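Below: the structure, in structure tokens.
2 protein chains.
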Amino acid sequence: MRMAELSARSGVPTATIKFYLREGLLPPGERLSATQAAYGEEHLRRLSLVRALIQVGRMPVATAREVLAAVDDETLDQHNRLGVAAWALPSPAPGLAAGEDDEAARTARRAVGTLMAELGWEEFGPGSPAYETLVGAVAALARLGYPCDAARLTRFARVAEELARTDLDLLEELESTAEQVEASVALTVLHEPVLLCLRRLAQAEESARRFPAPPERRAGPG
Amino acid sequence: MRMAELSARSGVPTATIKFYLREGLLPPGERLSATQAAYGEEHLRRLSLVRALIQVGRMPVATAREVLAAVDDETLDQHNRLGVAAWALPSPAPGLAAGEDDEAARTARRAVGTLMAELGWEEFGPGSPAYETLVGAVAALARLGYPCDAARLTRFARVAEELARTDLDLLEELESTAEQVEASVALTVLHEPVLLCLRRLAQAEESARRFPAPPERRAGPG
DNA sequence: GTCGATTGGAGAGTGGCACTATCCAATAAT
DNA sequence: ATTATTGGATAGTGCCACTCTCCAATCGAC
């Protein structure tokens, strides 16, 4: 398959594919001659993954390169490959991670620390992108007057555990470590919109249930 | 409070506040003279909300203006104010909403339709941002070979319901409709990073549990 | 073989968008 | 009176994903 076909099958313009090749997001095709290269199904797949990371995950190109490097790094054992990839994934809400150090931030940090201790979570501690962004989000909520105390955080954490089990179940069905690492990245990113969209739909339902529409006044004069 | 103080207390540069005023994201302050205006606590609060929508929710300025217009629209009843605000919120993953119409997309649309029917969800049907983005996300998963079938979607949907109940419980504690609409928007946006970060932390834990690190070989020669 | 079309590669350019720097006249502070 | 500050308007900046343009090598049709 040459670039034109890769472009046609993926729906990505050739100019963009060239750009990804240049940026190292896509491995070069097999060189057939000085000006020809052949791409395989693995390029098509990688291209889909790149698009998912960048367009769905809103990941900067440089970050996507790091994540993919971890996915491809055969020298690491499975545990670390999964870990490096997960660590490199950008936080869901940049701009929260480096929040100010006010009262709200300190309270939030304490609350998150307590939660982690209670749950016994210690893989990703303070300093990890996810942890710091979580602190920032809880602080932002506090500043607007919406408390996110231990009880509420715990409720969210239980839900998160359920989601994590769902993803890991799917991961375990795969055979090779390479497949699992790629799946880990893809599912982390692509399940996010699934979850968030369903949450919004569920909110609309629950909202309509609790705050029903008033009886319709058809064609009323205002 | 004048602009300098508003800036100091919010941490937002005055140039940016001026920009928000110009764009209609922030109502003008009370005019004291031709060149002076006073801002109140409500401006500080609105400014925090604007920052949350734009920086945390990654919402375009124009969209934030629409959402805030719905929040402020006193002419609508509560049901519709909540609905308009929710509809205007941008989808969590733009670029998925307008996916191609291939086999994966059709299958995804069918799966989502079935799910909605089974759950009896009908507030936001096809055409709504959340619904269309969900279809796009399921299709993207299918193209990468990760099925998101009815069973898995249902599992996610149950989780989403739980989350929605959590948010609505908090909403019902508020007194005025105005507060509730604002809270609805703020919680929809700000709980997203909380949930997503906790999910990533949970994934790391679960992953470490299922794929433990191999016994450390300290200072090994490679 | 020859010649137009296509390919891959490299660099500069474009567009969108959130912000920001610069001015300016009017007013507040001293 | 004089200097600093404020609010307002306008134009500019920086970032970043992408896209355009050009070029030489090569492929394919005749």
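Just so you know, the sequences run in chain order A and B.
Note that the working numbering has the first sequence beginning at 191, numbered continuously upward.
Note that the working numbering has the second sequence beginning at 191, numbered continuously upward.
Here a beta-carbon is modelled for each residue, glycine too, at the ideal position from N, C-alpha and C.
Everything numeric in this text was worked out from a predicted model, so none of it was measured.
Exercise. What residue does the alpha helix (DSSP H) around leucine 222 of chain B start on, and which one ends it?
Worked result: The residue you call residue 222 of chain B lines up with position 32 of the second sequence. Not the alpha helix (DSSP H): leucine 222 of chain B falls in the beta strand (DSSP E), residues 220-223.
For this session: Say whether the region 252-271 of chain B touches the region 366-376 of chain B, bearing in mind that this needs 3 or more beta-carbon pairs closer than 8 angstroms, one atom from each stretch.
Result: yes
Exercise. Name the residues in the region 328-339 of chain A whose C-beta lies less than 7 angstroms from a C-beta of chain B; which are they?
Worked result: Val328, Ala330, Leu331, Arg333, Leu334, Tyr336, Cys338
For this session: Return the CA-CA distance between leucine 391 of chain A and arginine 221 of chain A, expressed in angstroms with no decimal places.
Result: In the first sequence, residue 391 of chain A corresponds to position 201, counting from 1. In the first sequence, residue 221 of chain A corresponds to position 31, counting from 1. Distance between the alpha carbons of leucine 391 of chain A and arginine 221 of chain A is about 49 angstroms.
Exercise. Is the Cβ-Cβ distance between valine 384 of chain A and valine 246 of chain A less than 7 angstroms?
Worked result: Here the question's residue 384 of chain A lines up with position 194 in the first sequence. Here the question's residue 246 of chain A lines up with position 56 in the first sequence. It is not a contact, given that the beta carbons lie outside the stated cut-off.
Problem set entry | chain A residues whose Cβ lies nearer than 8 angstroms to that of leucine 380 of chain B | As a position in the second sequence, residue 380 of chain B is number 190, starting the count at 1. Simply Ala327, Ala330, Leu331, Leu334, Tyr336.
Problem set entry | Cα-Cα separation, threonine 265 of chain B to phenylalanine 209 of chain B | Your numbering for residue 265 of chain B matches position 75 in the second sequence. Your numbering for residue 209 of chain B matches position 19 in the second sequence. Taking the straight line from one Cα to the other gives about 27 angstroms.
For this session: List the residues of chain B that histidine 269 of chain A touches, going by C-beta distances under 9 angstroms, in chain order.
Result: For the purposes of this step, residue 269 of chain A is taken as residue 79 along the first sequence, with counting starting at 1. Residues of chain B passing the Cβ test: Ser397, Ala398, Phe401, Pro402, Ala403, Pro404.
Exercise. What number of angstroms, rounded off, separates the C-alpha of threonine 204 of chain B from the C-alpha of leucine 237 of chain B?
Worked result: Within the second sequence, residue 204 of chain B is the residue found at index 14, counting from 1. Within the second sequence, residue 237 of chain B is the residue found at index 47, counting from 1. Roughly 12 angstroms between the two C-alpha positions.
Exercise. Do you know offhand how far arginine 400 of chain A's Cα is from alanine 224 of chain B's?
Worked result: Taking the first residue of the first sequence as 1, we reach residue 400 of chain A at position 210. Taking the first residue of the second sequence as 1, we reach residue 224 of chain B at position 34. Roughly 47 angstroms separates the two Cα atoms.
Exercise. Would you call glycine 163 of chain B buried or exposed, if buried means 16 or more other Cβ atoms sit within 10 Å of its Cβ?
Worked result: In the structure as shown, chain B begins at 191 and stops at 412. Residue 163 of chain B is therefore absent and cannot be evaluated.
Problem set entry | Contact set between leucine 239 of chain B and chain A, taken where Cβ atoms lie within less than 7 angstroms | For the purposes of this step, residue 239 of chain B is taken as residue 49 along the second sequence, with counting starting at 1. The answer, in chain order, is Leu334.
Exercise. What separation, rounded to the nearest whole angstrom, lies between the Cα atoms of arginine 199 of chain A and alanine 259 of chain B?
Worked result: Residue 199 of chain A sits at position 9 when you count from the first residue of the first sequence. Residue 259 of chain B sits at position 69 when you count from the first residue of the second sequence. So the two alpha carbons sit approximately 42 angstroms from each other.
Exercise. To which residues of the same chain is glutamate 213 of chain A closer than 7 angstroms at the C-beta, ignoring the five residues directly before and after it?
Worked result: Working through the first sequence from its first residue, we reach residue 213 of chain A at position 23. Counting only Cβ-Cβ distances below 7 angstroms, and skipping sequence neighbours, we find Val251, Arg255.
Problem set entry | Closest by C-alpha distance to threonine 367 of chain A, when choosing among B/Asp339, B/Thr344, B/Pro319, B/Ser397 | By one-based count along the first sequence, residue 367 of chain A stands at place 177. Here the closest residue by C-alpha is B/Ser397.
For this session: Can you give me the start and stop residues for the beta strand (DSSP E) that leucine 227 of chain A sits inside?
Result: Within the first sequence, residue 227 of chain A is the residue found at index 37, counting from 1. It should be pointed out that residue 227 of chain A corresponds to alanine in this sequence rather than to leucine. First-last of the beta strand (DSSP E) with alanine 227 of chain A: 226-228.
For this session: Keeping to the same chain, check which residues put their C-beta closer than 6 angstroms to that of arginine 338 of chain A; ignore five residues upstream and five downstream.
Result: Taking the first sequence and counting its residues from 1, one reaches residue 338 of chain A at position 148. Correcting the residue identity first, residue 338 of chain A is cysteine in this sequence and not arginine. Within the same chain, cysteine 338 of chain A has close Cβ partners Val328, Leu331.
Exercise. In its own chain, which residues sit with a C-beta less than 8 angstroms from the C-beta of glycine 315 of chain A, not counting the 5 before and 5 after it?
Worked result: As a working note, residue 315 of chain A is residue 125 in the first sequence. These residues qualify, in order along the chain: Met306, Tyr321.
Exercise. Phenylalanine 346 of chain B CB to nearest chain A CB: under 7 angstroms?
Worked result: Walking along the second sequence from the start, residue 346 of chain B turns up at place 156. Answer yes: the Cβ-Cβ gap between phenylalanine 346 of chain B and chain A drops below 7 angstroms somewhere.
For this session: Identify whether arginine 248 of chain A lies in helix, strand or coil by the three-state DSSP scheme.
Result: Locating residue 248 of chain A in the first sequence gives position 58, where the first residue counts as 1. In the structure shown, arginine 248 of chain A sits in coil (DSSP, three-state: anything other than H, G, I, E or B).
Exercise. Terminal residues of the continuous alpha helix (DSSP H) containing tyrosine 210 of chain B?
Worked result: One-based indexing of the second sequence puts residue 210 of chain B at position 20. Element bounds for tyrosine 210 of chain B: 204-213.
Problem set entry | glutamine 245 of chain A at chain B interface by Cβ criterion, 7 angstroms | By one-based count along the first sequence, residue 245 of chain A stands at place 55. Chain B contact via Cβ: present.
For this session: Please list the residues of the region 369-394 of chain B that have a C-beta atom closer than 7 angstroms to any C-beta atom in chain A, keeping them in chain order.
Result: Ala373, Ala376, Leu377, Thr378, Leu380, Glu382, Pro383, Val384, Leu385, Leu386, Cys387, Leu388, Arg389, Arg390, Leu391, Ala392, Gln393, Ala394
Exercise. So with Cβ pairs under 7 angstroms, would you call glycine 317 of chain B a contact of chain A?
Worked result: On the second sequence, position 127 is the one that residue 317 of chain B refers to. No, no contact with chain A.
For this session: Note the first and the last residue of the continuous alpha helix (DSSP H) segment covering proline 383 of chain B.
Result: Taking the second sequence and counting its residues from 1, the one referred to as residue 383 of chain B is at position 193. 367-400 is the span of the alpha helix (DSSP H), which, as asked, contains proline 383 of chain B.
Exercise. Going along the chain, which unbroken runs of the beta strand (DSSP E) with 3 or more residues stay wholly within the region 295-364 of chain A?
Worked result: Fully enclosed beta strand (DSSP E) runs of 3 or longer: not present.
Problem set entry | Enclosing alpha helix (DSSP H) for glutamate 264 of chain B [first to last residue] | Translated into positions along the second sequence, residue 264 of chain B becomes position 74. Boundaries cannot be given for glutamate 264 of chain B, as no alpha helix (DSSP H) includes it and DSSP labels it neither H nor E.
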